[in-house]
Ligand SMILES: [Zn+2]
Ligand SMILES: [Zn+2]
Ligand SMILES: [Zn+2]
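Chains as they are written, first to last, in my numbering: chain A, 1 to 645; chain B, 1001 to 1645; chain C, 2001 to 2645.
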């Protein structure tokens, strides 16, 4: 199903009815509204104006459109901020982050929590049982503009409470953090500061707890909204629109309180701005299509975050916020929409209905131009709507491959990279690209999530192995491949007493006695299966009674296996992973492909989809018996085919 | 005529007379003094000491030298700042900009305005009718060191008043800025903040008004000084010394209150520091000459700002403030001086008489060395003085080509570049270089300035077309070439209801329905006149009933013409502009040249000047009948020739 | 002798005895302890706990180990900072530098000085006569994390007092700084601010005095500690552990109050992080060995700082703080240790005994792993200890070559580089590398230090020639080579009245009339001894009655000589210096070598050492009669040989 984001408050009322009619004509079913409209809903302190929203919803309803109503908390009005400056967040440099754009609040502000309760209650009470309201969106894009972490007085107070609750006694905290080092010991929780603006880096355990706290504050703030909505709006789903790779908070945790995950997909901007790392050469090649693995990575991630998921904002044309904002190649809006559906999206909703000719996003395209004419995206959306009419999409099944995605791993390696090029993001991306270029479908699983039923599992890097994670790793027949630094940290961000991989060593008897981080250009090689692979970035020294599966050229063991567990004691490149994971997949009975650049596959039930991000026609890897239900054996450039197998 | 900047307060009194004598011997006529001497003029609050200045002026007068007296406002003394800390400016990061160098004041400080009135009145009263005082300079280099915009409490109060005066009602402001977006609506003018330190970018309309306000504050501050001087110093000219490309304020507006524009020309520093964009290869080639178009660009700009203009500070040797400070190639001080005269300068004044061996500029060369010996520049200045004796310079005539230079365009595209490489500066520079390499003389015209009498006009980019601009564009027979984004904005920084080019579409019936900004390396091509041109950066989609003059290789129209109006729907390179503007110029009966690198032409009345920035002798493109009045047909490296035609 | 840094407070008490025993077994003699333990020594205000330290020292003593006791002042505890926030430093941007890591104090805080007196007195009283305490270390790594200069209210007050003491009258200061420029004149010392956060750069004389003041504050703070220790701990040596190239304070001055200099040697981190400039190619080549001249440079520097010197912290494995942290090549820990001894170190002490598995440095290797097993460094240290048993090291003799190292020169050129690439560090490094690749031993001499007995002296750049310096330069028979800008400044950071080289011109009659700083790529050439040398960065114009020894290709003189004095009027490359200094050395009867990359020589008494940083065996340049006392004629990769000659 398709939807759109709409801002009735931006347009004259006499246009609303026509807008609604044309949405229906386009084939849209859902309309998200309201999430930035606080100044219109409460123009003066305590004076509410719902009349316009009543009419807007009624107008959409009249055309049979379903509404997703956003709470307006990403943008508190100026009068509220002026009355309560303690709402504002503080950046890492200690500067107040002022009113004048959006997300100008700290999750830890008690005042803001109170006013959030107030506004959400009023809105939920009014619209909770409206027949047009199908669901709710809390706030908008948590964490956008680096707003997860704030460094002000309210944050400090909340952080101290969080620590007190976690550790109970200051002695326990001192021991957990190792504060005897550099005389960092505290006598009371009141002595603890935030970890920013220290003379040199603060204790990494201090940072890690601050990251965890900040993530928890997002979840708590979201839960605060959810509980009110559930009370007044029974039977409606609740979602939040997440963003492209934003590891600052644990999305799994936030989503525990949601019914539906959703995310905002801007393939061109993400490719230009390195939301996931894209080489310069790929940035040029995919400037007008986006990198072929970027949307899929997020579709799979957010399907892992929640089985029911949407694309809440789908790029419909050039955007305004990247360093470069080209026009999508013709056909790409349709392709992106279909790809989301192939990966299991319930709804793909375009952002936005019409380009608004003022303010910050005035150059962000919509389905319609600011002169009220349909833009390119309108026609491509309509095409998808029509194509969908003839096609029933089967339910999404479990994939054969699991990727254990670990937000905490991002924090740990970001706080203490040890080598400049070691980032969790890049490592996960290598694993994902390798799997996708083999034509394999991938499920993202949270640490501790069940791995039953998978044939292959990859854990790119999980420094901290919590009890639940260990248990899940044990309860699977899958071949499990662990990346470097897995098990290298205790829960308190220390080195395990038995050295890495810590608790994992009970099942995979190896011991990492030393690690090296390497400057780009300081390379090493390893040989596996008669083939030589070069890498850099990271290398580990392992002691074990096992014989290594592969060796570095200095004779040390590079790859270790015991039963179904495999450990990579180095930074694996895509080339190596494609070979090794392909080999394991085949051994596990999975068919793999050697997909050419730009071609990607995905199954949904009995349907197989092929997407061609490249500029030339490519042949779909379909069996001769395949029955094509959309497109054909030759997949056109920037096009797709679907077949039954 | 020639002049020099002099600081008698830096030198022992017993040297003044000899200095004055040697100035005369060098052939200098004007001496600028006083602009940094507040601590000597008012050493204690309210206690003035004019005795030294009386004597200094008398000494210069005795040698027949004319004085340009600078008001000392760029450097208020410490005691004044300590008494009134509200004088200080605040930077964009919110930090106070402290005393200890210069320009340590905010234009919006009411205290500083009052003290400016006080000191300027006293000085103007004392020297206003002195026979040696030929003119005045207000302050020094407005905007230097990023001082146009300030972000403190005084600035905020003044900004609110400015907005109140402009919009009358807060509703009007909210509508103009589109503040319904992201709930940015204000209830009163007191709710408005400055646009810095917001969570993400502030409303571009907010920024644009803040830029306009800041520019207006410069003009108001200058006017405050001018009015006092006019009252007490009748018959003297008033100038201000502007800088190399400094778009932060509207120089046309400031100059409305002046008699003479002047500017400070440092060709080597400007080339090294990218005051105008210079490729790395050109930086090396022109390290000791400066880029051949940089001085001329500014001469033409400031002649457009005011018909009477000077070079107030001419580089006489190595300076101290660039990243690299080489010595000018022998002859360059002479060449630069002559080039300024060729472009119409009344006076070229060297900075400074003698290198001061202390403080910030101790490594800034003067005409004399700190050991009191003449430096290289002295001899080159003297040579020009002697050459000038035998030559009467005719008045400067209107050029055949007009370039509409638009400060607001710089602000609009800087606030909202939409593509990282799109800067107004670079675009204007492309047009200017193309025209100059064709051997064409160029006048800079302000938006709304008359275009009558020109054969060719270029508007590199004017997003906001004010009424007067439209009128001027209509009242000319010139071929008019518009660059991309012209007409793309309303006065309130929105998209025009009819889409770009907005009001221009009434005369040039096209409609820009989409724009693309492109990463370097994402290129496109167009074909015109049988030739293929490649470009990048920016590309527009145009709808029109017209047939395009040239097409992109994707078949869309790239270049549109109607009557005498031409529109470039892309980022034009110098190569393309040289071809297209040369073609139009020829069609309009103008002779063009294909000047080799480093050779540049300029006419003044019946005289034609050729300047050779290159290291090899070059032949002047003079007719066989040309009569050379300086130099000859072969222009030596770093030299010039002048002939009558 | 060998030592180690140990933190008993990090480990269970029941492990101390075994640790001590194994230290002895390893062959270690000294143990540094205590320097970060304030929170354990005074866990509550005024309540001291020495019991643990008593026992720790007793335990070490029992194994015959000698203790170097560190004062715990680099890490005041949180309770002290909370009681006296004026202890904290302020960074250049005006931000408080908070508690949470180390070095969180300003040298100018009167409160901190008082508490330093208090804690040092208590500790010195208690342990001053302990038989196991052989010496003391004051604080730890002064200046680390950019802590030499602080910009807070306490610093301002102290700076004003320092200025008052230096200048006596404000008129004298105004004259010395040239404050008439830009009306920067002060009426009282109370008007003076710190030079940060000015609108554009502050007066360089203002900066230079602030740099001098900040350096003096370090020396005064150190002296404060030293005087207390001397009072209560007679007969013990006092040291401080300096760092890799840290020019912010004058180490010669601080060391005047010490008995022993020591420094912390981390060859791999220093190579990766450009502590001295290393090309990208060398960074790769020497990633696991460190650049071969980096340890030696510092050994020679700190031997110049104090004849008795130690390496207090020797890298024993990968560290945690560089951008990349590779493992040292096998053998390098041994090589580095021997090289320090060859250069005259009394003791080489490893950092640290055991890797601590928590807090900031948890990935910093020690001699032992966190799982209590010996790490690679342990075995290499033990090997050195055994090798040392059979070998008596003779005293260190004066080297034939002196390098005058001038901290103030770093400040002057950093404050006013005049050309972006001109840094004192790079220039000194060029001289040092040239000398060392010729196989020459080098002594570092402070400005004004005696040059008697040297055959060759180099003064890479000493802009300010104090009286004592001039005197020392005059009292030597050495050939003296001066680099550019020597003598170019007065004591007040002005240009000398007679132009550069100022006072030096009395003996070397030249006059620098102009300088040029050049963009990389703007090259010049000079010819000397039939060979052409290319350079960039810096070039001077010299007037003299002398005939130049070498000329630039523009005909000006490049190299000037008079008697034993030589002046380089340009930025000298390593290639040129190797040729010219080698020529002078040979003329002075010194043997030079053309050492291959990675091979380095050093003599200590009758012993000659060869160190091979390269990956291949190399032949030692030993005479056929040489008697090898360690290793042999072929020096293995990452190994060394020692012979008697
Ligand atoms: Zn969004
Ligand atoms: Zn100037
Ligand atoms: Zn250290």
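We put the beta carbon where it would ideally sit given N, CA and C, even for glycine.
What first and last residue would you give for the alpha helix (DSSP H) that runs through residue 54/A? 51-62
Which chain A residues sit within Cβ distance under 8 Å of residue 2009/C? 180
So the candidates are 214/A, 139/A, 137/A, 494/A; which of them puts its Cα closest to the Cα of residue 161/A? 214/A
Name the residues in the stretch 60-77 of chain A whose C-beta lies less than 9 Å from a C-beta of chain B; which are they? 72, 74, 75, 76, 77
Classify residue 1589/B as buried or exposed, calling it buried when 16 or more other Cβ atoms lie within 10 Å of its own Cβ. exposed
Any contact between the stretch 1048-1061 of chain B and the stretch 1094-1102 of chain B? By contact I mean 3 or more CB pairs, one from each, below 8 Å. no
Quick check: residue 645/A and residue 607/A, are their CB atoms within less than 9 Å of each other? yes
Taking buried to mean at least 16 other C-beta atoms within 10 Å of its own C-beta, is residue 2625/C buried or exposed? exposed
Note down, in chain order, each residue of its chain lying with its Cβ closer than 8 Å to the Cβ of residue 2239/C, except the 5 sequence neighbours on either side. 2068, 2135, 2136, 2137, 2138, 2258, 2259, 2260, 2261, 2262, 2310, 2312
Cutting at 7 Å between CB atoms, please list the residues of its own chain near residue 2109/C, excluding the five before and the five after it. 2086, 2087, 2154
Provide the residue span of the alpha helix (DSSP H) that contains residue 513/A, from first to last. Segment 510-517 is the beta strand (DSSP E) holding residue 513/A; no alpha helix (DSSP H) there.
Beta carbon proximity, residue 1954/C to chain B, threshold 9 Å: Outside the modelled stretch of chain C, which goes from 2001 to 2645, sits residue 1954/C, for which no answer is possible.
Closer than 8 Å, Cβ to any Cβ of chain C: which residues of the stretch 1558-1575 of chain B, in chain order? none
Let's test the definition: count the other Cβ atoms within 10 Å of the Cβ of residue 1165/B and tell me whether it reaches 16, buried, or not, exposed. exposed
For residue 1477/B, name the three-state secondary structure that DSSP assigns. coil
Which of the three DSSP states is assigned to residue 2222/C in this structure? helix
Based on DSSP bridge pairs, tell me the residues matched to residue 644/A. 607/A, 627/A
Using the Cβ count rule (16 or more neighbours within 10 Å means buried), how would you classify residue 157/A? exposed
In chain B, what lies closer than 8 Å to residue 79/A by C-beta? 1187, 1191
Listed from N- to C-terminal order along the chain, which residues in the stretch 1441-1459 of chain B have their beta-carbon within a distance smaller than 8 Å of any beta-carbon of chain A? none
Counted within 10 angstroms of its Cβ, other Cβ atoms place residue 2529/C as buried (16 or more) or exposed: exposed
If I'm right that residue 1026/B touches residue 1381/B with Cβ under 8 Å, what's the distance once you round it to whole angstroms? 6 Å
Once DSSP output is grouped into helix, strand and coil, what is the label at residue 2455/C? coil
With distances taken from CA atoms, which of 111/A, 602/A, 47/A is nearest residue 399/A? 602/A
Give a yes or no on whether 9 Å exceeds the smallest Cβ distance from residue 2023/C to chain B. no
Span of the beta strand (DSSP E), counted from its first residue to its last, around residue 1313/B: 1309-1314
Limits of the beta strand (DSSP E) - the one that residue 1189/B falls within: Neither: residue 1189/B is in no beta strand (DSSP E) and is coded neither H nor E.
6 Å CB neighbourhood of residue 1322/B in its chain, flanking five on each side removed: 1269, 1272, 1273
Closest residue to residue 2484/C among 2442/C, 2569/C, 2078/C (Cα-Cα distance): 2569/C
With a cut-off of 9 Å, does the C-beta of residue 1515/B fall near any C-beta of chain A? yes
Pair every Cβ in the stretch 2537-2545 of chain C with every Cβ in the stretch 2506-2520 of chain C, then say whether three or more of these pairs are closer than 8 Å. yes
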